[in-house]
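**Q** The structure's right below; bear with me while I get my questions together.
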Amino acid sequence: MSARARKIAVLLPEAYGGGTLRGAINLAVQIHDGAKKTGDNVVVEFGYVDGKATEKLEIFESLAARRIEFRPFKVKRYPRTSYYQTASAYVGGTEPDILVFDDGISNFDDADHRIFISDRLVGGDIAPTSPYSIVIFDFLQRYIPKLFDRGSDVDTAASWHTITGIMKQYVNASAIFVTTQQAAADAIGFGGVPRVKVCKLPLSFDPIETRASGEPREVAANDRGHMVWTTNITPHKNHQVILQGLEIFYDRSPTGPITYVTGVHTENLDPKSAIKAVADVPYVRQIRNQVAGSPTLRRNVIFKGDLSNAEYDEILSGAKLLLHGAIFDNGTFSVAEAAWRGVPSVSSRYAAMQEMSDEFRMPLQFFDSASAEDMATALENALNNRDELVRALPTRSELDQFSAKNQSGEIWCRIKSMIDPETATVVASGKQCRT
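Be aware that the sequence shown starts at 2, since it is given in this note's numbering, and climbs by one per residue.
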């Protein structure tokens, strides 16, 4: 790389919270740390769309500790003619707008390269101020198309026009980064991305640690205890089946551990709480009604909402199990965070979770995401064999191999090879940078 510091902007173009926000911050940290390890002169900055999840500055502590600049921005659309100050020919009819990432300072236009976390770039083309890449976690629309259906045919058509329109951004991207082999295959076979542009980044995670964190806590033998269900309020998280499975489980095991539900906006699933405007959609009301109509669920399921790091650390460290039940996504590192604390996990089985189980050598207890009965049985088996599952968990030393700090060199190597024109080596999907 040249002597001049190369500026890389990591941008999160939606007001995401939870794992997506943490993953974006981790990537910025890994680029920074990886570049330092290799002696590359790189400056990293982080941009995000403000939302509830970013109200507490503690989420940005790892950036601040490295003096990585971070600031909010708004995604603004400008007609192409006004952006360029002159009309330009565009094949295909109406010219798309230009998306500008307005931070009130530079709009990140001075970055040498921009890396967008997720492909949710809607309503126009990315401002052509510098090359860009996209990190795509999954292609939900391929596997759960009903997620994008709306109340009428017209609205459904508009929804699908939007979700397919974002794939136009892939065309001009320098690279498409993914974190699973499944997403790599989908980017090529479904997204139409040339294979040479697709690069799989190694799986990595950063366990949430607080000042109070220590060794895994013992679960009280004479207490019901609790398990943690991490989720959010989107339909692919499979709430209906999971709640049915919990109902079956508690009808069979009335003294089984209570369930704490955590995650962004999950307090809105509680029928005893007022629903917030951001979550006031038919699906959420359906789940609230499901809980309200079940005395079993009302007795045994407690909605905690989005917790601080310290709160989540406390509740997870004392849990008997972690429950994950999505139909499909890019996987959840909550199972690795649980293993770090000596807590086994019960999870729905799909490609990304199987890949994570194999890679991290975690004995996840799988169930069929379409079967409430299978989920209830998996919970029973996991609780009956909990001691054995705890012994089979990877150690902290083994998990630390996948930590953000230990993977930073490899991740920067792969990113650099795809975005740096001075780097001759192209890292194909799955190929190792390490020598």
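No residue lacks a Cβ here, since even glycine has one placed at the ideal position from N, Cα and C.
Within 10 angstroms of the Cβ of residue 42, are there 16 or more other Cβ atoms? Answer buried if so, exposed if not.
**A** So residue 42 ends up on the exposed side.
**Q** Residue 412: which of 100, 330, 15, 29 sits nearest, CA to CA?
**A** It is 29 whose Cα lies nearest to the Cα of residue 412.
**Q** If we ignore side chains and look at the alpha-carbon of each, how far apart do residue 343 and residue 61 end up?
**A** Computed Cα separation, rounded: 26 Å.
**Q** How long is the line joining the alpha carbons of residue 3 and residue 11, rounded to whole angstroms?
**A** Note on residue 3: pLDDT 49, under 50, position unreliable in the model; the coordinate value appears next. If I take the Cα positions, the gap works out to 20 Å.
**Q** Tell me whether residue 295 sits in a helix, a strand or coil according to DSSP, three-state version.
**A** The answer is coil: DSSP assigns residue 295 none of H, G, I, E or B.
**Q** Rounded to whole angstroms, what's the CA-CA distance from residue 419 to residue 292? Just pull it up for me.
**A** About 48 Å.
**Q** Count the other C-beta atoms from every protein chain shown that fall within 10 angstroms of the C-beta of residue 19, then say buried if there are 16 or more, exposed otherwise.
**A** Buried.
**Q** Going by alpha carbons, who is nearest to residue 70 out of 271, 26, 131?
**A** The candidate whose alpha carbon is nearest that of residue 70 is 26.
**Q** Where does residue 146 sit, in a helix, a strand or coil, going by DSSP?
**A** Of the three classes helix, strand and coil, the one that applies to residue 146 here is helix, per DSSP.
**Q** Under DSSP, the beta strand (DSSP E) around residue 75 begins and ends at which residues?
**A** Note, residue 75: beta strand (DSSP E), 75-79.
**Q** Can residue 80 and residue 51 be called in contact, C-beta distance under 9 Å?
**A** It is not a contact, given that the beta carbons lie outside the stated cut-off.
**Q** Report the start-end ranges of each beta strand (DSSP E) in the stretch 258-336 that is 3 residues or longer and not cut off at the edges.
**A** If we require 3 residues or more, the beta strand (DSSP E) runs fully inside the stretch 258-336 come out as 259-263, 302-306, 322-325.
**Q** Let me know the alpha helix (DSSP H) ranges lying completely inside the stretch 104-151, each 4 residues or longer, listed in chain order.
**A** For the stretch 104-151, whole alpha helix (DSSP H) runs of length 4 or above, ordered along the chain, are 141-144.
**Q** Taking the C-alpha atoms as reference points, what is the distance between residue 66 and residue 34?
**A** Approximately 12 Å between the Cα atoms of the pair.
**Q** Short of 7 Å in beta carbon distance, which residues of its chain neighbour residue 63, apart from the five on each side in sequence? Order them along the chain.
**A** These residues qualify, in order along the chain: 26, 30.
**Q** Assuming residue 149 and residue 119 form a contact by the criterion Cβ under 8 Å, report the distance between their Cβ atoms to the nearest whole angstrom.
**A** 15 Å between Cβ atoms; not a contact.
**Q** Unbroken alpha helix (DSSP H) runs of length 4 or more, entirely within the stretch 360-414: which are they?
**A** Counting only runs of 4 or more, we get 373-385, 387-393, 397-401.
**Q** Go to residue 158, then tell me how far its alpha helix (DSSP H) extends in each direction, as first and last residue.
**A** Segment 154-166, the alpha helix (DSSP H) holding residue 158.
**Q** Helix, strand or coil for residue 57 per DSSP?
**A** Here residue 57 sits in coil by DSSP.
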